[in-house]
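Since the structure comes first, as structure tokens, the remarks are kept for the end.
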Amino acid sequence: MSRIFNSMRDGKGFDLILVGAAMVFLLALAGLPLVYNVVMSFQQVDMFTLGSLVRPFAGFANYVAVVQQPEFWLVTKNTLIFVFASMAGQFIIGFALALFFAQNFPGASTIRGLFLVSWVMPGLVVGGIWSFILAGDYGVLNAILKGLGLTQATIFWKSDPNFSLWAVVIANIWLGLAFNMLLLSVGLAAIPRDLYEAAELDGANAFQRFWTITLPMMRSTIGAVLSLGLIGTLQQFDLFPALTEGGPANTSNVAGYWAWQMSFQLYDFAKGATISVMMFVLVLFASVVYVRSTRHEVRG
Amino acid sequence: MTRSYVPWLLLLLALVLAAIYLFPLYWMYVTSLKTGSEIFANPPSFWPAEPNLEIYPSTWARRTMGTFLWNSVVIASGVTAFTVILGTGCAYVLARYRSVWIDIGLFAILMLQVLPASVMITPLFVGFNQVGLLNSPRFAVVLAAAAKSMPFFVVLVRATFMSVPRELEEAALVDGNSRVGAFFSIVLPLARNGILVCAILTFMSSFGEYIYSKSIIQDTALQPASVGLSGFLGPNSTDWNSIMAYSAIYVTPILAVFVLLQRRIVSGLTSRALK
């Protein structure tokens, strides 16, 4: 008995308690629900069986039903467009800004810090602000675009089926830009200066230096940023209720929001769970890439 | 000599870029001060004709923001407490050893970090319903959101612990401290700053938490500010004046904290964890 107590104060027992408490908590509130989610996707869940654990087995009926939903392929397409467009926008603009702020000029790091404010703002508030900026008749973006002569027509960003998804993408790029820029700046700062000096002496121009030094040296950072971007974009939820609610006619709906609608607006928890499982497979793929690209850093 | 003006041109360009980037924030504050008819003016005015500060107290009262914000504070504090208390110890152990088991534990935590809330909410809701946690909905949200924010916290704080020299802890052990004593009197104080920054980040992100609260908390008196905002915000909303005033009241404290602590937060984030 006293040996157990001593080990708790002085040995491995202490470590086990510390790590065990967190692990049990995470397993109970993240691991278990994940398993439960898969179980539910094979069950028949309705209002009567919601409270019980043992429900009629449904086989793949839920999966078949989800795929047969008329909006399934539209949502799949939207999810892919949303993810890739957001990632591309966040990454390219974020990289450009990171390169720009890596230049040596007064106030560079202070002004760069300002670019991080979107990162700490609640997603719903960001959605609300963009919802007003993107409004059709009185939105300021339309006014600016017209003022610059880029368009004559009034674009109804949120209610035009051709633009509704892009309205969310624009807001999401603004939201995720900061994080991309921050991580890429860190990667840039880690490249030894003398490499550039040596290349300059050898007569390499700016583009060659970028192509042969910056990009190769940043490979693992870029891998981590891209996979974190993929994960973050798949997690994006708050912008949808604020901007379009997936509409009009699901033209801006993506898997995450669709799953939530199934569960909490249509109370079809089995379908919600099924969509979640499908989405989880996608996230799993992203996280394997992420873990592979960060393993060296994390083990430090 | 000819290039001495280049840094100032870059500074000018940086200011222009920052202005474009921060425009949505500016627009939020400006719109909240405009009168009803000015909001719908086309083309829009970029400065309110007659700024109306009255909107802030009236929105505060009409939308019962006091209750909503208090609930946000309660939920964010709960999440931060759970995350810090459980996550710090876990991060410490994961930083202290190097073995296959540690790698497996880290991998598991990284995997949990990537689960979207929209995937987790369905099983969490049904599970909470079965164990009766829906009767104390704010606590249920705290549990769910803490599990969501903990992995990120652990990864960042682990990096902080790794920068604490191992020798200091060993010296304390040689001097007769127990492991518990060495942890609380040597290691924890040295890692305090990093833990504090991560705790603030956790607080800020759970202050804006939406999806769990929206799905789990049905009682208006217990809902946080994000759900309160969603009550009158949607694709067809028109009450922009109070939406923007509400948003301004909601985010100004977060922005103030962020601007004050920006240097620390950025350096905490950019330490070794996310290289």
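Sequences listed follow chains G and H, in order. For the first sequence, counting from 1, position 49 maps to 49 in the numbering used here; every step adds exactly one. For the second sequence, counting from 1, position 145 maps to 445 in the numbering used here; every step adds exactly one. Glycine included, each C-beta is placed from N, C-alpha and C at the ideal position. Small disclaimer: the values here were computed from a predicted structure and weren't measured.
Residues of its chain near residue i, where Cβ-Cβ distance is below 7 angstroms and the 5 sequence neighbours each way are ignored
{"i": "G:Met40", "result": "Phe269, Ala270, Ala273"}
{"i": "H:Phe425", "result": "Ser515, Ile516"}
{"i": "G:Leu230", "result": "Val83, Met87, Ala286"}
Cβ separation of residue i and residue j, assumed to be a contact under 8 angstroms, to the nearest whole Å
{"i": "H:Phe428", "j": "H:Ala447", "result": "At roughly 12 angstroms, the Cβ-Cβ gap does not stay under 8 angstroms, so H:Phe428 and H:Ala447 are not in contact."}
{"i": "H:Val379", "j": "H:Thr502", "result": "7 angstroms"}
{"i": "G:Ile213", "j": "G:Ala199", "result": "6 angstroms"}
{"i": "G:Asn180", "j": "G:Gly94", "result": "3 angstroms"}
{"i": "G:Ala85", "j": "G:Val169", "result": "5 angstroms"}
{"i": "H:Ala525", "j": "H:Tyr550", "result": "5 angstroms"}
{"i": "G:Ala22", "j": "H:Gly389", "result": "7 angstroms"}
{"i": "G:Ala167", "j": "G:Trp157", "result": "4 angstroms"}
{"i": "G:Ala65", "j": "G:Phe42", "result": "That pair is no contact at about 12 angstroms."}
Chain G contact residues for residue i, given Cβ-Cβ distances below 8 angstroms
{"i": "H:Asn342", "result": "Asp137, Tyr138, Ala143"}
{"i": "H:Ser530", "result": "Leu124, Pro241, Ala242"}
{"i": "H:Leu315", "result": "Ile111"}
{"i": "H:Val566", "result": "Gly113, Leu116, Leu182"}
Listed by chain order, chain H residues near residue i by CB distance under 7 angstroms
{"i": "G:Ala273", "result": "Thr422, Pro423"}
{"i": "G:Leu234", "result": "Pro416"}
{"i": "G:Phe42", "result": "Result: empty, since nearest Cβ-Cβ is about 13 angstroms, beyond 7 angstroms."}
{"i": "G:Leu29", "result": "Leu443, Ala444, Ala447"}
{"i": "G:Leu188", "result": "In chain order: nothing, as chain H lies at least about 11 angstroms away."}
Listed by chain order, chain G residues near residue i by CB distance under 7 angstroms
{"i": "H:Cys498", "result": "Near H:Cys498 there are no residues of chain G at all, since even the closest Cβ is about 13 angstroms away, more than 7 angstroms."}
{"i": "H:Thr331", "result": "Phe132"}
{"i": "H:Val400", "result": "None at all; the shortest Cβ gap to chain G is about 12 angstroms."}
Cβ of residue i within 8 angstroms of any chain A Cβ
{"i": "G:Trp260", "result": "You won't find chain A in this structure, because its protein chains are G and H."}
is_contact[residue i, chain H] using C-beta, thresh 8 angstroms
{"i": "G:Phe156", "result": "no"}
{"i": "G:Val117", "result": "yes"}
{"i": "G:Gln103", "result": "yes"}
{"i": "G:Phe264", "result": "yes"}
{"i": "G:Val281", "result": "no"}
{"i": "G:Ala61", "result": "no"}
{"i": "G:Gly89", "result": "no"}
Where residue i meets chain H, residues with beta-carbon distance less than 8 angstroms
{"i": "G:Thr76", "result": "Here the premise fails: no neighbours, minimum Cβ distance about 15 angstroms."}
{"i": "G:Ala249", "result": "Residues of chain H passing the Cβ test: none, with the nearest at roughly 12 angstroms."}
{"i": "G:Tyr36", "result": "Pro423, Val426, Gly427"}
{"i": "G:Trp166", "result": "In chain order: nothing, as chain H lies at least about 15 angstroms away."}
{"i": "G:Ile129", "result": "Pro324, Leu325, Trp327, Met328, Met544, Ser547"}
Test: residue i CB closer than 8 angstroms to a CB of chain G
{"i": "H:Gly389", "result": "yes"}
{"i": "H:Phe452", "result": "no"}
{"i": "H:Ile495", "result": "no"}
{"i": "H:Gly378", "result": "no"}
{"i": "H:Arg363", "result": "no"}
{"i": "H:Met301", "result": "Confidence at H:Met301 is low in this model, with a pLDDT of 44, below 50, so its placement is unreliable and the value that follows should be read with caution. Answer no: the Cβ-Cβ gap between H:Met301 and chain G never drops below 8 angstroms."}
{"i": "H:Val373", "result": "no"}
{"i": "H:Gly534", "result": "yes"}
{"i": "H:Tyr356", "result": "no"}
{"i": "H:Tyr512", "result": "no"}
{"i": "H:Leu574", "result": "Note that H:Leu574 scores 44 on pLDDT, short of 50, meaning its location in the model is unreliable; the coordinates nonetheless yield the value given after this. Interface residue, yes."}
{"i": "H:Tyr305", "result": "no"}
{"i": "H:Ser526", "result": "yes"}
{"i": "H:Leu555", "result": "yes"}
{"i": "H:Ile486", "result": "no"}
Residues of its chain near residue i, where Cβ-Cβ distance is below 8 angstroms and the 5 sequence neighbours each way are ignored
{"i": "H:Ser530", "result": "Tyr510, Lys514"}
{"i": "H:Phe558", "result": "Met504, Ile565"}
{"i": "H:Pro348", "result": "Val330, Leu333, Lys334, Thr335, Glu338"}
{"i": "H:Asn352", "result": "Leu333, Lys334, Thr335"}
{"i": "G:Met218", "result": "Leu184, Gly187, Leu188, Ile191"}
Contacts that residue i makes with chain H (C-beta to C-beta distance below 9 angstroms)
{"i": "G:Val114", "result": "According to the sequence shown, residue 114 of chain G is Leu rather than Val. Here the neighbours are Ala318, Tyr321, Leu322, Val559, Gln562."}
{"i": "G:Ala286", "result": "Val414"}
{"i": "G:Tyr196", "result": "Neighbours of G:Tyr196 on chain H: none; closest Cβ ~17 angstroms, over 9 angstroms."}
{"i": "G:Leu150", "result": "Correct list: empty, because the minimum Cβ distance to chain H is about 15 angstroms."}
Same chain, Cβ closer than 6 angstroms to residue i, neighbours up to 5 away in sequence not counted
{"i": "G:Trp130", "result": "Ala171"}
{"i": "H:Ser542", "result": "Thr359"}
Interface residues of chain G facing residue i [CB-CB closer than 9 angstroms]
{"i": "H:Ser515", "result": "Trp260, Ser263, Phe264"}
{"i": "H:Gln430", "result": "Leu50, Gly51, Ser52, Leu53"}
{"i": "H:Gly405", "result": "Val19, Met23"}
Output the residue ranges of the alpha helix (DSSP H) runs that lie fully inside the segment 425-493 of chain H and measure 4 residues or longer, sorted by chain position. 437-462, 466-474, 479-482
Start-end ranges of the beta strand (DSSP E) lying completely within the segment 213-266 of chain G, minimum 3 residues: none
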